[in-house]
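Worksheet: one structure, shown below.
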Amino acid sequence: MYYKSLGYRVFNVFNIGFLIFLAVLCIVPLIHVLAISFSSKAAADASLVGLWPVEFSIEAYKKTMNNPAFLRSILISVARTVLGTAVTLAVTFLAAYPLSKDNSVFRSRSFYSWLFVFSMIFNGGLVPFYIVIQKLGLINSFWVLVLPATVNTFLVILMLNFFRGIPKELEEAALIDGAGHFKTLFRIYLPVSLPSIATIALFSMVFHWNSWFDGLLYLNDSRDFPLATFLQTVIIQRDMSSMSMSPQEMELISQTTVNAAQIFIGALPILLVYPFLQRFFVKGMTLGSVKE
Amino acid sequence: MKRMKKTWPFHVMLLPAVICLFLFSYLPMGGIIMAFQNYKPWLGLSGSEWVGLDNFRYLFERQDSMQVILNTLVIAVLKIVFNLLIPFGFAILLNEVRKTAVKGTIQTLVYLPHFLSWVILGGILIEMLAVDGFANRILGMFGVDPIFFLGDNNWFRFTVIISDVWKEFGYNTIVFLAALAGVNPTLYEAAEMDGASRFRQTLHITIPSMLPITVVVGTLALGNVLNAGFDQIFNLYNPLVYEKGDIIDTFVYRTAIINGEMGFGTAIGLFKSVISMILILVSYRMAYKWAGYRIF
Numbered sequence: 001m002y003y004k005s006l007g008y009r010v011f012n013v014f015n016i017g018f019l020i021f022l023a024v025l026c027i028v029p030l031i032h033v034l035a036i037s038f039s040s041k042a043a044a045d046a047s048l049v050g051l052w053p054v055e056f057s058i059e060a061y062k063k064t065m066n067n068p069a070f071l072r073s074i075l076i077s078v079a080r081t082v083l084g085t086a087v088t089l090a091v092t093f094l095a096a097y098p099l100s101k102d103n104s105v106f107r108s109r110s111f112y113s114w115l116f117v118f119s120m121i122f123n124g125g126l127v128p129f130y131i132v133i134q135k136l137g138l139i140n141s142f143w144v145l146v147l148p149a150t151v152n153t154f155l156v157i158l159m160l161n162f163f164r165g166i167p168k169e170l171e172e173a174a175l176i177d178g179a180g181h182f183k184t185l186f187r188i189y190l191p192v193s194l195p196s197i198a199t200i201a202l203f204s205m206v207f208h209w210n211s212w213f214d215g216l217l218y219l220n221d222s223r224d225f226p227l228a229t230f231l232q233t234v235i236i237q238r239d240m241s242s243m244s245m246s247p248q249e250m251e252l253i254s255q256t257t258v259n260a261a262q263i264f265i266g267a268l269p270i271l272l273v274y275p276f277l278q279r280f281f282v283k284g285m286t287l288g289s290v291k292e
Numbered sequence: 001m002k003r004m005k006k007t008w009p010f011h012v013m014l015l016p017a018v019i020c021l022f023l024f025s026y027l028p029m030g031g032i033i034m035a036f037q038n039y040k041p042w043l044g045l046s047g048s049e050w051v052g053l054d055n056f057r058y059l060f061e062r063q064d065s066m067q068v069i070l071n072t073l074v075i076a077v078l079k080i081v082f083n084l085l086i087p088f089g090f091a092i093l094l095n096e097v098r099k100t101a102v103k104g105t106i107q108t109l110v111y112l113p114h115f116l117s118w119v120i121l122g123g124i125l126i127e128m129l130a131v132d133g134f135a136n137r138i139l140g141m142f143g144v145d146p147i148f149f150l151g152d153n154n155w156f157r158f159t160v161i162i163s164d165v166w167k168e169f170g171y172n173t174i175v176f177l178a179a180l181a182g183v184n185p186t187l188y189e190a191a192e193m194d195g196a197s198r199f200r201q202t203l204h205i206t207i208p209s210m211l212p213i214t215v216v217v218g219t220l221a222l223g224n225v226l227n228a229g230f231d232q233i234f235n236l237y238n239p240l241v242y243e244k245g246d247i248i249d250t251f252v253y254r255t256a257i258i259n260g261e262m263g264f265g266t267a268i269g270l271f272k273s274v275i276s277m278i279l280i281l282v283s284y285r286m287a288y289k290w291a292g293y294r295i296f
């Protein structure tokens with residue numbers, strides 16, 4: 001066998017070493033930021049922190065957790081994530097069922113398909129979108145974080161491809177027994193499609209938790225910002241006004257450590273759902289790529 | 001049987017999605033007439049002055065907008081190339097790892113950055129890539145002078161492309177690994193019998209079996225030629241690097257939303273949307289012809 005030859009064994013050692021190096025490279029920045037968040041102000045400001053905390057301290061987390069603006073933005077993020085995911089799931093689930101039918105059963109299907117696909121390949125651009133949001137009265141409203149993201153054609157395709165995999169006999173039996181399409185969808189399709197619903201829910205949750213630009217663009221009051229937008233303004237744009245720090249506090253806690261703590265807390269929910277995500281997203285990613 | 005023929009429930013089921021599509025996709029498309037106007041918010045769509053193609057002429061006459069288009073092309077094309085080549089190579093190397101536990105751990109780590117937003121990663125990178133940051137301290141150990149990765153026009157594009165590849169290469173490997181998982185093992189067994197070395201097996205079995213999916217991924221990426229990644233650039237750039245790092249999307253944001261040149265902003269957006277749409281249609285056509293790929 002090839003893997004018993006000396007040459008291949010040498011290659012294998014170098015190969016695994018190289019791949020592990022790359023893999024570690026992928027999380028080094030996260031470890032670095034975690035180390036800073038647990039370091040003292042002096043150590044962080046003097047750029048002494050590498051991958052392990054220097055002069056361990058949880059001051060930065062205390063400060064972050066006592067910042068009402070930060071906590072408020074977390075609540076808004078949770079609200080948008082829960083509501084947004086629920087709305088997306090409901091709408092996607094309903095829309096995918098008719099689209100999974102054959103053209104012979106549902107004649108208008110190709111019209112609807114084009115409606116979805118065209119929305120994916122062409123858009124009016126940022127400015128007209130902004131004007132529409134304005135005309136709909138959604139500027140400064142919480143709902144601007146939920147409604148515009150409701151339909152994601154990619155998720156609809158994911159769902160309808162799953163529906164296509166369900167044996168037709170199940171549906172036929174239900175219809176013959178006198179169930180309508182709604183009943184078939186909720187009684188027959190819903191219970192068997194829980195795995196793909198979970199996939200869509202996870203995609204949608206990650207999307208909502210990470211979205212920051214909509215908050216920045218459509219919300220004028222920083223108190224309405226979701227966490228991602230809050231972090232964008234505080235960490236990237238260095239807007240100190242929402243930090244509510246007195247000069248004495250500034251002395252005690254370095255901006256670097258507080259930023260690091262906020263970044264880590266912002267990434268934490270993603271890290272927590274990541275094990276579940278990994279189980280599902282491979283399915284979503286490879287979908288449609290290798291087909292007949 | 002009569003129930004099966006009725007299609008009204010289908011229309012009802014599609015209604016919520018269609019309303020959303022109408023409001024948030026099709027209604028904005030109507031707004032593209034602003035590209036042909038000198039749009040003033042207080043005059044509205046009907047009251048603003050019509051200027052024909054002036055906004056587009058302006059787009060090609062202004063030096064900054066031409067530079068922005070060039071930046072977009074350079075950054076986007078380089079991203080496409082490296083986000084194809086590196087996952088391709090990575091998949092081949094990972095495929096050689098025979099211990100599933102090691103392979104699984106590597107996969108878990110490299111997929112992770114894909115799921116973090118550019119706000120989080122931007123915050124980390126700004127800190128790490130500062131002149132006295134972690135990256136420069138490590139380079140300093142090898143005697144390299146500090147590099148201002150995010151503030152130097154000579155380095156910014158490089159930083160953007162490397163950091164994007166860093167974030168996405170793991171995730172982009174998935175499709176290649178899926179293709180490799182589908183290779184018939186008897187091919188390798190037969191090659192083994194014929195005395196082919198692992199290198200030759202890679203050359204004649206592994207790589208050819210990845211080519212169809214590579215063609216599909218590469219072709220479909222065509223649609224992104226004007227997409228240099230708004231989220232990333234917006235969270236990493238600053239006025240020091242506008243010259244080499246400003247792209248169409250960030251330029252539209254600043255001219256239209258910050259400076260209020262709505263008509264001009266719409267025109268650039270439309271320019272991008274139309275070209276992208278043509279590229280997407282062409283690329284899907286090609287992917288279908290060459291590799292039988294269909295999405296819907």
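One line per chain: the protein sequences are W and C, in this order. Residue numbers are given in the UniProt record's numbering: position 49 of the first sequence equals residue 49, and the series is strictly consecutive. Residue numbers are given in the UniProt record's numbering: position 54 of the second sequence equals residue 54, and the series is strictly consecutive. All C-beta atoms in this analysis are idealised placements derived from N, C-alpha and C, irrespective of residue type, glycine included. All values derive from a computational prediction rather than experimental measurement.
### Query
What does a CB cutoff of less than 6 Å around C:L180 pick up in its chain, not counting 5 residues either side in sequence?
By 1-based counting over the second sequence, the position of residue 180 of chain C is 180. Here the set comprises N95.
### Task
Please confirm if C:P16 has its CB atom under 8 Å from at least one CB of chain W.
For the purposes of this step, residue 16 of chain C is taken as residue 16 along the second sequence, with counting starting at 1. Output row for C:P16: interface = yes.
### Query
If you compare alpha carbons, which of C:I126, C:L177 and C:G170 is closest to residue 305 of chain C?
The question about residue 305 of chain C has no answer, for chain C in this structure spans 1 to 296.
### Query
Are the Cβ atoms of W:Y3 and C:R294 separated by less than 8 Å?
Residue mapping note: residue 3 of chain W aligns to position 3 of the first sequence, counting from 1. Residue mapping note: residue 294 of chain C aligns to position 294 of the second sequence, counting from 1. No, Cβ-Cβ distance for W:Y3 and C:R294 is not below 8 Å.
### Task
Please compile the residues from chain W whose C-beta is within a distance smaller than 8 Å of the C-beta of C:D132.
To locate residue 132 of chain C, count along the second sequence from 1; it is residue 132. Going along chain W in sequence order, the residues near C:D132 (Cβ under 8 Å) are S47.
#### Entry: Any chain C beta carbon closer than 8 Å to W:H181
Position 181 of the first sequence, counting from 1, holds the residue named residue 181 of chain W. Chain C contact via Cβ: present.
### Query
Is the region 111-126 of chain C touching the region 267-277 of chain W, taking contact as three or more C-beta pairs under 8 Å?
yes
### Query
Between the C-alpha atoms of C:N224 and C:A76, what's the straight-line distance to the nearest angstrom?
As a first step, residue 224 of chain C is located in the second sequence; it is residue number 224 there, counting from the start. As a first step, residue 76 of chain C is located in the second sequence; it is residue number 76 there, counting from the start. Rounded to the nearest angstrom, the two C-alpha atoms are 7 Å apart.
### Contact set between W:N15 and chain C, taken where Cβ atoms lie within less than 8 Å
Your numbering for residue 15 of chain W matches position 15 in the first sequence. By Cβ distance, chain C contributes L93, E96 and V97.
### Message
Run through the DSSP bridge pairs and tell me what C:Q37 is partnered with.
### Response
What you label residue 37 of chain C is simply residue 37 of the second sequence in a count that begins at 1. DSSP output for C:Q37 lists C:W50 as bridge partner(s).
### Any 3 or more C-beta pairs closer than 8 Å across the region 64-82 of chain W and the region 122-138 of chain W
no
### Distance between W:S204 and W:T85 (C-alpha atoms, nearest Å)
Here residue 85 of chain W refers to the residue found at position 85 of the first sequence. Here residue 204 of chain W refers to the residue found at position 204 of the first sequence. Rounded to whole angstroms, W:T85 to W:S204 spans 5 Å at the Cα level.
### Alpha-carbon to alpha-carbon, W:M65 and W:L252
The residue given as residue 252 of chain W occupies position 252 in the first sequence. The residue given as residue 65 of chain W occupies position 65 in the first sequence. Unreliable placement is indicated for W:L252, whose pLDDT of 49 sits below 50; the coordinate value is still reported in the next sentence. Between W:L252 and W:M65, the C-alpha separation is close to 16 Å.
### Query
Is there contact here, the region 92-112 of chain W with the region 209-226 of chain W, by at least three beta-carbon pairs under 8 Å?
no
### Query
Can you name, in chain order, every residue of its own chain whose Cβ lies under 8 Å from the Cβ of C:T214, other than the five neighbours on each side?
As a working note, residue 214 of chain C is residue 214 in the second sequence. For C:T214, where only same-chain residues beyond five positions count, the Cβ hits under 8 Å are L84, F88 and F176.
### Message
Quick check: the Cα distance between W:G50 and W:S37, rounded to an integer number of angstroms?
### Response
Counting from one through the first sequence, the residue named residue 50 of chain W turns up at place 50. Counting from one through the first sequence, the residue named residue 37 of chain W turns up at place 37. Spanning the two alpha carbons is a distance of roughly 11 Å.
### Query
Within the 8 Å Cβ cut-off, does C:E192 reach chain W?
By 1-based counting over the second sequence, the position of residue 192 of chain C is 192. For C:E192, the answer is yes, since a Cβ of chain W falls inside 8 Å of its Cβ.
#### Entry: Inter-stretch contact at 8 Å, needing at least 3 Cβ pairs: the region 135-154 of chain C / the region 59-72 of chain C
no
### Message
Using beta carbons (cut-off 8 Å, strictly below), is C:S273 in contact with chain W?
### Response
Translated into positions along the second sequence, residue 273 of chain C becomes position 273. Taking Cβ atoms only, chain W reaches closer than 8 Å to C:S273, which makes this a yes.
### Query
If you drop the 5 nearest sequence neighbours on each side, which residues of the same chain put their C-beta closer than 7 Å to that of W:M159?
Locating residue 159 of chain W in the first sequence gives position 159, counting from the first residue. Result list for W:M159: T92, F93, A96, S196 and I200, in chain order.
### Message
With three or more C-beta pairs closer than 8 Å as the rule, is the region 163-177 of chain W touching the region 104-117 of chain W?
### Response
no
### Task
Anything in chain W within Cβ reach of C:L270, meaning under 7 Å, just list it in chain order.
By 1-based counting over the second sequence, the position of residue 270 of chain C is 270. Here the neighbours are G125.
### Message
Can you pull out the residues from the region 20-43 of chain W whose beta carbon lies closer than 9 Å to at least one beta carbon of chain C?
### Response
I20, L22, A23, V24, L25, C26, I27, V28, P29, L30, H32, V33 and I36
### Query
Any idea if C:R198 is buried or exposed, counting beta-carbon neighbours within 10 angstroms, 16 or more meaning buried?
Here residue 198 of chain C is taken as the residue at index 198 of the second sequence, counted from 1. Burial call: buried.
### Message
Going by DSSP in three states, W:F118 sits in which element: helix, strand or coil?
### Response
Position 118 of the first sequence, counting from 1, holds the residue named residue 118 of chain W. Of the three classes helix, strand and coil, the one that applies to W:F118 here is helix, per DSSP.
### Query
Which word fits W:A267, buried or exposed, when buried means at least 16 other C-beta atoms lie within 10 angstroms of its C-beta?
One-based indexing of the first sequence puts residue 267 of chain W at position 267. W:A267 is buried by the Cβ-count criterion.
### Task
Could you tell me the boundaries of the alpha helix (DSSP H) in which C:K167 lies?
Against the second sequence, residue 167 of chain C aligns to sequence position 167. Segment F156 to A181, the alpha helix (DSSP H) holding C:K167.
### Message
If the cut-off is 9 Å on Cβ atoms, which residues from the region 151-165 of chain W count as contacting chain C, listed in chain order?
### Response
V151, T153, V156, I157 and L160
#### Entry: W:F38 in three-state terms, based on DSSP
Within the first sequence, the letter at position 38 stands for residue 38 of chain W. Residue state, collapsed to three classes: coil.
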